[in-house]
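In full-length UniProt numbering, the protein residues as written are 1 to 371.
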Amino acid sequence: MPRHHDDAGPIELPQGKVVGKRWKIVDKLGEGGCGAVYLVEDHKNGAKAAMKAESNFVAGGSVLKLEVQVLKRMVGRKYVAQLIAAGKKEKYSYMVMTLFGPSLSRLFKQCKKQFSVSTQVRLGVQILYGLKQIHEAGYIHRDIKPANLAVGRRGRESRILHVLDFGLSREYVARNSNGTVEMRRPRENCLFRGTTKYCSIRTHERYEQGRSDDLYSMMYVLCEMRKSLPWDRLRDKHEIGRMKTSTDVDTLLADSPKEYKKIFDHLNETKYEQRPDYAMIYKTFAQVITDKGFKFEEPYDWESLPENQLTPSEEKKNIPTLNEDASIDKTKTKDSTAKSEEKSSDKAKPITNGVMALFPPEEFEKNELGF
């Protein structure tokens, strides 16, 4: 029987307990609010996975239920978190995902909080791709930050950022009974959702967040890779909002490629209901990569660190999402699908060879929703 501090408190599951007749608790990875994350082992094949558990008596509604709902829409989409299993017990609910490697936040700290332009712009392509996948599924993430981006655990995936943690996400489309979708009308005076340091100015002003607001957060994350954000030491939400409003783009881009100004200008002009120009943003990143002679397959900054500067890779530092080792019955053909996608991607005309083939230009031009 799981132990609780109280009915609505964090769920405590003992080591060795088997959940859902499949997932054995190995260790606790962390907790926050009413939820906890555990390292679990799959009885079927011994693969490690991550499990989030949340009390069924949470005040204000279940975050885990929302995240499960979002992840069901993400099935089959590359480089975003994937759901393996979910269930509900008498006193708690759970969902299972596989493990990611280190978060971008951790990798950034290992590099003394500064990345090269080469690393910055290549990560920009990856974050843009992940966000577009989420947007095409009909959701806004609303909390893009380094802690919610993580590389895979092994092989090719260990060089690719994945988007995770959909606890603050919101569906921006309405799905009609006839199968069509349309844009939801924006609300007025919305509650604040997101992380103050990285959210858009519109979020501070309590406007409904749209696709462009996620991309604005992406740009703040990228700018920080080269130079601390001007509001880095501020803690008051209103002060941060005022400083964002008074800081010009040239200041943000002091140590970044000036080509990024075009992206900021576009996002400033993009309204809630308007589709961001993902292709233009991709081409801007691509132009920087081409002009500066960067290669997508060259080492990232953290890969070039001497071994004695690397933080030991511990299981407790891994972040939950799906990799190819622990797919469930619904996605058991995922491996073969991924291989066929990789093969077809090789036919695209990438900026350079190597990993860039995984982010072909046509992917940024697709418009799955039609708006």
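By construction, the Cβ of each residue, glycine as well, lies at the ideal position given by its N, Cα and C atoms.
A distance below 9 Å separates the beta carbons of Y129 and F364. Rounded to the nearest angstrom, the gap between the Cα atoms of Q110 and F100 is 17 Å. In the structure shown, L164 falls within a coil segment according to DSSP collapsed to helix, strand and coil.
Rounded to whole angstroms, the Cβ separation of A36 and I11 is 5 Å, and the two are in contact under 8 Å.
Using a 10 angstroms sphere on the CB of L71, the tally of other CB atoms reaches 16 or more, which defines it as buried. Where E54 is concerned, the enclosing beta strand (DSSP E) starts and stops at 48–55. Exclusion of the five residues before and after Q133 leaves R77, V80 as the residues of its chain whose Cβ lies within less than 6 Å of its Cβ. With contact defined as three or more Cβ pairs closer than 8 Å, the segment 183–201 and the segment 140–152 are in contact.
At a Cβ-Cβ threshold of 9 Å, G167 and L64 count as neighbours.
Approximately 6 Å separates the beta-carbon atoms of L123 and L161; this is inside 8 Å, confirming the contact. Secondary structure of K244 (DSSP, three-state): helix.
P230 and V96 have their C-alpha atoms roughly 38 Å apart. Under a 10 Å Cβ-count criterion, F285 is classified as buried, with 16 or more other Cβ atoms of the shown protein chains found around its own Cβ. Look at M74 here: in three-state DSSP terms it is coil, with no helix or strand label. Check the Cα spacing between A137 and each of D265, P361, A174, S62: the tightest is with A174. Assignment of beta-bridge partners to M95 by DSSP yields K52, A86. Residue burial annotation: Q309 is exposed, with fewer than 16 other C-beta atoms found within 10 angstroms of its C-beta. With fewer than 16 other Cβ atoms inside 10 Å of its own Cβ, V18 counts as exposed.
Counting C-beta pairs closer than 8 Å gives three or more between the segment 113–127 and the segment 212–224, which meets the contact rule. Secondary structure of V19 (DSSP, three-state): strand. In this structure T251 is exposed. Its beta-carbon is surrounded by fewer than 16 other beta-carbon atoms within 10 angstroms.
Only residues of its own chain outside the window of five on either side were considered, and among them C223, Y260, K261 have a CB closer than 7 Å to the CB of L253, listed in chain order. Under DSSP, Y260 forms no beta bridge with any residue. Here P360 is buried: its Cβ has 16 or more other Cβ atoms, across all protein chains shown, within 10 Å.
Membership of G130 in the alpha helix (DSSP H) is indicated by the continuous run 117–136.
D236 sits in coil when the DSSP states are folded into three classes, being neither helix nor strand.
Taken in chain order, the unbroken stretches of alpha helix (DSSP H) that lie wholly in the segment 266–294 and span 4 residues or more are 278–291.
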